[in-house]
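Asks:
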Amino acid sequence: MNRPTWKAFAWALIACITTPSALAESKIVTGTATTSGAAAKLNLKIVIPEFIALKVGSGAILTNNTAVDEITLAVPEADASNDTTIASSPVAVQLVSNVGSVSFSSSGDALTSDTETIALSRISVNSSNSALPHPGFGATATPLAPSAGTKVINASTNWIFNYHHQGSTAPVGAGTFTTQITYTVAKP
Amino acid sequence: MPRSPLMHRLARSWLVAQALLMQSPEVFAWSFTLQSASQRVFMYVGTATYTYNAQGRAIGVSNNATTDSMTVDLTLSLFDILTRAYLRQIFNTEPRNRAYGSEWNRSTKCPMGYSMIVGAGYQNSSSSPANASVTLSSPAQLTNLEGDGIPFSTITWESYSPDTLQKDSQWIGRGTLGTTQTLATVPRNTVSEVCFEFTYGSPNLYPAGTYQGTITFTAFTP
């Protein structure tokens, strides 16, 4: 027996091992069975990936936008020494996700101006949609349930920020106080 | 009597116009003649199990009971989801071209990567019935393991001839899954095949997951 024959045999063996069997269906029927027919099937599969999209403020959801909106709560000079509440204009918020229930949280430091501070507890937030409330500043994350079906959340709301100025009972120094709040939605 | 130059030009123009009018937007059927035999119909999707004559030419198909399906994977990217874009994508893991190719002439193939070859044949030594029909049916929805569903009606399909990649005259060219449709009429003692491709598109958001469903091609006689 010569070597080429063994080589050919080896290659044929490899081919037999690596060549897959037919993957699709073929069917033939004969005679009277042709009226019920020959059927061949095809499996279809759609894979939907997980995603969470959150928009706070201006811009479009479902796109990554790194611009951060700013709201200003200015106390009128006449109320500087009074206890009063200053409301912001509405802030549009939208959440879209398809992962089931999610947790919604916010975090941020107190507002500061030089050495003066205003605690975030002086700010409350009203939401126009109870399904998408404002999560408490630094509080335990708020659980949000799907709004459609078993996993999809598609909710919009407007938040109104209210600064409870205590010019009479707990005054702070004059100045421009700033901070940045980060909102996070996560799959538990 | 010889024609005048004007008459000659008019006659030639008329012939050209007739030729253009006779051109159909549909191409002729991509079909092959089969030998007459006892009454039988066959149907295949993708790589069929063929029978051959002594010269190695395909003369029919046989039952393939080993694996009864081929998976078409319409995997959506996050971009497609977020932009609600239509997507046409078929991942076929079949490594051999036969999954897309015609075994009847062994040179023509459906475009690899996003199409699937589908064929139906009908043989009969009797002249009646003259044709077999081909239908495509599907259930109401694809489902995932958690019981969520996506309607099959979110998937549309197109078929075209493997040689010209245009609509085949013997098959309807497009449709929507979720119902039963008649696709083609196959004359006696012929086999006809087309390329199929599928498009998923929906304005709705669906839960994350892998959704699966089975569609069925059926060839039958009246």
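Quick mapping for you: the protein sequence lines, in order, are chains G and U. According to my numbering, the stretch in the first sequence is residues 1233 to 1420, in order. According to my numbering, the stretch in the second sequence is residues 8 to 229, in order. Glycine included, every Cβ here is placed at the ideal spot set by N, Cα and C. Being a predicted model, the structure only gives us computed values, none of them experimental.
(1) Who are G:V1300's beta bridge partners in DSSP?
(2) By how many angstroms is the C-alpha of G:K1277 removed from the C-alpha of G:G1332?
(3) With H, G and I counted as helix, E and B as strand and the rest as coil, what does DSSP make of U:S168?
(4) Out of G:T1416, G:S1335, G:N1390, G:T1414, state which residue places its alpha-carbon closest to the alpha-carbon of G:A1377.
(5) Which residues, in order along the region 1379–1390 of chain G, keep a beta-carbon less than 8 Å from a beta-carbon of chain U?
(6) Would you check if the distance between the CB atom of U:V48 and the CB atom of U:F227 is smaller than 8 Å?
(7) Could you say which of G:S1320, G:T1304, G:V1328 lies nearest to G:T1416 if we only look at CA atoms?
(8) Does DSSP classify U:R47 as helix, strand or coil?
(9) Of all the CB atoms in chain G, is at least one closer than 8 Å to the CB of U:L152?
(10) Can you name, in chain order, every residue of its own chain whose Cβ lies under 7 Å from the Cβ of U:T161, other than the five neighbours on each side?
(11) Go through its chain and collect everything with a Cβ distance to U:T221's Cβ below 6 Å, but skip five positions before and after it.
(12) Using DSSP with H/G/I as helix, E/B as strand and the rest coil, what is U:E200?
(13) Evaluate G:T1266 with the Cβ neighbour count: other Cβ atoms within 10 Å of its Cβ, from every protein chain shown; 16 or more gives buried, anything less gives exposed.
(14) How is U:D175 classed by DSSP in three states: helix, strand or coil?
(15) Chain B partners of G:T1304, CB-CB under 9 Å?
(16) Compare the C-alpha of G:S1345 against each of G:E1257, G:S1258, G:G1405 and name the closest.
(17) Any C-beta of chain U within less than 8 Å: which residues of the region 1273–1291 of chain G qualify?
(18) Leaving out the 5 sequence neighbours to the left and right, which residues in its chain are closer than 6 Å to G:N1394 when beta-carbon positions are compared?
(19) Please report the residue range of the beta strand (DSSP E) in which G:K1287 lies.
(20) Straight-line CA distance for G:T1304 to U:S145?
(21) Would G:I1350 count as contacting chain U if we go by Cβ distances under 8 Å?
(22) Could you check the C-alpha separation between U:A137 and U:Q148 for me, to the nearest Å?
(23) For G:Q1412, name the three-state secondary structure that DSSP assigns.
(24) Would you grab the beta carbon distance between G:A1324 and G:N1361 for me? Rounded to a whole angstrom, and I think it's under 8 Å.
(25) State buried or exposed for U:L28, treating a residue as buried only when at least 16 other CB atoms are found within 10 Å of its CB.
(26) Could you give the distance in angstroms between the alpha-carbon of U:W37 and the alpha-carbon of U:T189?
(27) Is U:S135 helix, strand or coil when you go by DSSP?
(28) With distances taken between CB atoms, is the gap from G:E1230 to U:V52 smaller than 8 Å?
Replies: Taking the geometry as given:
(1) In the first sequence, the residue the question calls residue 1300 of chain G occupies position 68. Bridge partners of G:V1300: none, in fact.
(2) Numbered from its first residue, the first sequence carries residue 1332 of chain G at position 100. Numbered from its first residue, the first sequence carries residue 1277 of chain G at position 45. In a straight line, the C-alpha of G:G1332 is about 21 Å away from that of G:K1277.
(3) Here residue 168 of chain U is taken as the residue at index 161 of the second sequence, counted from 1. In this structure, U:S168 counts as coil in the three-state DSSP scheme.
(4) One-based indexing of the first sequence puts residue 1377 of chain G at position 145. Among G:T1416, G:S1335, G:N1390, G:T1414, the Cα nearest to that of G:A1377 is on G:S1335.
(5) A1380, G1381, T1382, K1383, V1384, N1386
(6) Position 41 of the second sequence, counting from 1, holds the residue named residue 48 of chain U. Position 220 of the second sequence, counting from 1, holds the residue named residue 227 of chain U. Closer than 8 Å, so yes.
(7) For the purposes of this step, residue 1416 of chain G is identified with residue 184 of the first sequence, where counting begins at 1. Relative to G:T1416, the option among G:S1320, G:T1304, G:V1328 whose CA is nearest is G:V1328.
(8) To locate residue 47 of chain U, count along the second sequence from 1; it is residue 40. The answer is strand: DSSP assigns U:R47 an E or B state.
(9) Counted from its first residue, the second sequence places residue 152 of chain U at position 145. Not one chain G Cβ lies under 8 Å of U:L152.
(10) Counted from its first residue, the second sequence places residue 161 of chain U at position 154. Answer for U:T161: Y207, G208, S209, listed in chain order.
(11) As a first step, residue 221 of chain U must be located in the second sequence, where it is residue number 214. Cβ within range, chain order: n/a, list empty.
(12) As a working note, residue 200 of chain U is residue 193 in the second sequence. Strand.
(13) Working through the first sequence from its first residue, we reach residue 1266 of chain G at position 34. In summary, G:T1266 is buried, with 16 or more beta-carbon neighbours lying within 10 Å of its beta-carbon over all protein chains present.
(14) Locating residue 175 of chain U in the second sequence gives position 168, where the first residue counts as 1. Strand at U:D175.
(15) No chain B is present in this structure, whose protein chains are G and U.
(16) Translated into positions along the first sequence, residue 1345 of chain G becomes position 113. Of G:E1257, G:S1258, G:G1405, the residue nearest in Cα terms is G:G1405.
(17) K1273, L1274, N1275, L1276, K1277, I1278, V1279, I1280, P1281, E1282, F1283, A1285
(18) Start at 1 with the first residue of the first sequence, and residue 1394 of chain G comes out as number 162. The residues are T1317, A1319, S1356.
(19) Within the first sequence, the letter at position 55 stands for residue 1287 of chain G. Residues 1284–1288.
(20) To locate residue 1304 of chain G, count along the first sequence from 1; it is residue 72. To locate residue 145 of chain U, count along the second sequence from 1; it is residue 138. Approximately 57 Å between the Cα atoms of the pair.
(21) Here the question's residue 1350 of chain G lines up with position 118 in the first sequence. G:I1350 does not count as touching chain U.
(22) Position 130 of the second sequence, counted from the first residue, corresponds to residue 137 of chain U. Position 141 of the second sequence, counted from the first residue, corresponds to residue 148 of chain U. Each residue's Cα considered, the two are about 35 Å apart.
(23) Numbered from its first residue, the first sequence carries residue 1412 of chain G at position 180. Note: G:Q1412 maps to coil in three-state DSSP.
(24) To locate residue 1324 of chain G, count along the first sequence from 1; it is residue 92. To locate residue 1361 of chain G, count along the first sequence from 1; it is residue 129. In fact, because the Cβ distance is near 11 Å, the residues do not count as touching under 8 Å.
(25) Here residue 28 of chain U refers to the residue found at position 21 of the second sequence. The predicted position of U:L28 is uncertain, since its pLDDT is 40 and thus under 50; a value taken from the coordinates is nonetheless stated next. The residue is exposed, with fewer than 16 neighbouring Cβ atoms inside 10 Å.
(26) On the second sequence, position 30 is the one that residue 37 of chain U refers to. On the second sequence, position 182 is the one that residue 189 of chain U refers to. Approximately 18 Å between the Cα atoms of the pair.
(27) What you label residue 135 of chain U is simply residue 128 of the second sequence in a count that begins at 1. Coil at U:S135, not helix or strand.
(28) Here chain G has residues from 1233 to 1420 only, and residue 1230 of chain G is not among them.
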